[in-house]
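Read in the working numbering, the sequence shown has 83 at position 83, and its numbers run on one by one without any break. Please read the structure below before turning to the comments.
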Amino acid sequence: MHQKYDVTLKDILKDMPKVFLKILTGYDTCKFIDVQFPDIQLREPDLVMEVPDGKLIHTEVQGRNENNMLQRFYLYSGFIFNQHKILPIQILLYVGSAPLNMQNHMENEYIKYSYKVVDIREIDCSQLIASDSPEDIVLAILCNTNDVDVTIRSILDKLTSLLSPKERESYIRKLLILSDLRKLYPKVKMEVTKMPITIDVRESDIYQEGLLEGKQEGLLEGIELGLELKYGLAGLELMNIVRAINSVDKLEEFKNLIKKAGSIDELKEFLGKSV
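Below, the structure is given as structure tokens:
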């Protein structure tokens, strides 16, 4: 999942949206605790919560299906148990758009292991919109709705009624980011522009990223043409590596290098340092 979605979702969840937490975990309050893993190959867990009855709940936010999720959760469970001497309840919160198809259990003669999976699209958005927590309300954009347009307007109306203009701006920016997970950014942007507020949607991360993506696509087309004209099939074979470059500046540098390079080896050397 792209970092902007990941960071936004974790920030919202750490502000403890009570209705959403209750739906997700069965608890509406918790204390977040820090867990550091000794295995550098395993990233830190997204969220580990201590709830009032002393249980630990480990939650991972996932935007796509991954084949190794079951193995990762099992390792997380062991590391958390080793540090805190409490076997955690584990929850996978799926926010992606593709059908959810990740395995969540395994067993042998002596061990039965599983974790809970929650597809946010199965949560009724009206439950969250009815909340007085702006975090709950913003998360509603990812949930189940029978009428997307009505839901967007309801979210914006509720944020307007609850928050000061300065606070509202912060949550609308989060809403714009999350809406892109459902390909609803254009609809949300259109409704935001109708509001009597001064938010410039052109400053949003999604808008700026769209401009960069358009520029990046144009550069890739130019690079592909340049490689084909100068080096033929041997040049085109480099495109798989070129497409892995995320920096527009690096792509521009590589495009200029194609014109100056005396051999394809110079291009390969550049790519080796850039990817």
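C-beta atoms are modelled at their ideal positions from N, C-alpha and C, and glycine is treated no differently.
Who does Q62 pair with in a DSSP beta bridge? DSSP, once it has assigned bridges, lists Y94 as partnering Q62.
Between the beta-carbon of L93 and the beta-carbon of V61, is there less than 7 Å? Yes, these two residues count as a Cβ contact at 7 Å.
Where the beta strand (DSSP E) through L178 begins and ends: That residue, L178, is in no beta strand (DSSP E); its alpha helix (DSSP H) goes P165 to S179.
Strictly by DSSP, which residues pair up with I86? DSSP links I86 through a beta bridge to no other residue.
Assuming contact is defined by CB atoms lying nearer than 7 Å, are F73 and Q90 in contact in what I supplied? Their beta carbons are under 7 Å apart, which means F73 touches Q90 by this criterion.
Could you check where the beta strand (DSSP E) with L47 kicks off and where it finishes? Looking at the DSSP string, the run of the beta strand (DSSP E) that includes L47 is L47 to E50.
How would you label Y185, buried or exposed, when you count the other beta carbons within 10 angstroms and need 16 or more for buried? A residue is called buried once 16 or more other Cβ atoms fall within 10 Å of its Cβ, and Y185 is buried on that count.
Helix, strand or coil for F270? Go by DSSP, reduced to three states. Looking at F270 - three-state DSSP - the assignment turns out to be helix.
Would L131 and V51 qualify as a contact pair, given that the criterion is a beta-carbon distance under 7 Å? Per the sequence shown, the amino acid found at residue 131 is Ser instead of Leu. Going by C-beta atoms, S131 is not nearer than 7 Å to V51.
Same chain only: Cβ atoms within 8 Å of L236, ignoring 5 sequence neighbours per side: Correct list, in chain order: E224, L227 and E228.
Beta bridge counterpart(s) of L113 as assigned by DSSP: The residue you asked about is not Leu; residue 113 is Tyr in the sequence shown. DSSP lists M106 as partners of Y113.
Mind reading off the beta-carbon distance from L9 to V95? Whole number of angstroms is fine, and I expect it under 8 Å. About 7 Å separates the two Cβ atoms, so the contact holds.
Sequence-distant residues of the same chain with beta carbon closer than 6 Å to T145, five excluded per side: The beta carbon of T145 lies closer than 6 Å to those of C125 and T151 in the same chain, with the five residues before and after it left out.
Checking 7 Å against the spacing of the C-beta atoms, do N104 and V117 come in under that value? Yes, the pair counts as a contact, with Cβ atoms nearer than the cut-off.
Who pairs with V118 in a beta bridge, going by DSSP? Its beta-bridge partners are L93.
Span of the alpha helix (DSSP H) around C125: C125 -> alpha helix (DSSP H) spans C125 to I129.
Buried or exposed for F81, going by 16 or more other Cβ atoms inside 10 Å? Label assigned to F81: exposed.
Within 10 Å of its beta-carbon, does Y171 have 16 or more other beta-carbons around it, so buried, or fewer, so exposed? The residue is buried, with at least 16 neighbouring Cβ atoms inside 10 Å.
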